[in-house]
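First comes the structure, then the notes that go with it.
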Amino acid sequence: TKFFPHKRQIVQIAIFGFQSNKNLVSYVPCKSKTVILLSSIHNNASIDTSKNES
1 TKFFPHKRQI VQIAIFGFQS NKNLVSYVPC KSKTVILLSS IHNNASIDTS
51 KNES
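Final position of the sequence shown in this note's numbering is 54; the numbers increase by one with none missing.
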């Protein structure tokens with residue numbers, strides 16, 4: 001239930017979940033918005049904070 005949006009979600013926080021070769025990320029970019037990503041390619045909880053603007 002932590003992955004589902006709710007009114008008291010902290011802004012700019014990412015929650016990671018793993019199961020075998022799957023990664024689930026719940027990210028809150030701003031108030032009242034939640035982005036949920038399911039990936040079978042990524043397998044760790046690292047976030048690239050560098051800004052690569054090309």
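Ideal Cβ positions, reconstructed from N, Cα and C, are used throughout, including at glycine.
*Own chain residues within Cβ distance below 7 Å of V28, not counting five before or after*: In the sequence shown, the residue the question calls residue 28 occupies position 28. Closer than 7 Å at Cβ, skipping near neighbours: Q9, I10, V11, Q12, I13, T34.
Check your understanding: Between the C-alpha atoms of L18 and I41, what's the straight-line distance to the nearest angstrom?
Key -> The residue given as residue 18 occupies position 18 in the sequence shown. The residue given as residue 41 occupies position 41 in the sequence shown. The sequence as given places Phe at residue 18; Leu does not occur at that position. Each residue's Cα considered, the two are about 12 Å apart.
Does the beta-carbon of S39, which I'm using as the reference point, lie nearer than 8 Å to any heavy atom of the ligand SAM?
Among the ligands in the structure shown, none appear at all, so the ligand SAM cannot be discussed.
Quickly, what does DSSP pair V23 with across the bridge? List them, please.
-> Within the sequence shown, residue 23 is the residue found at index 23, counting from 1. At residue 23 the sequence reads Asn, which differs from the Val that was named. When DSSP reads this structure, N23 sits in a beta bridge with F18, S39.
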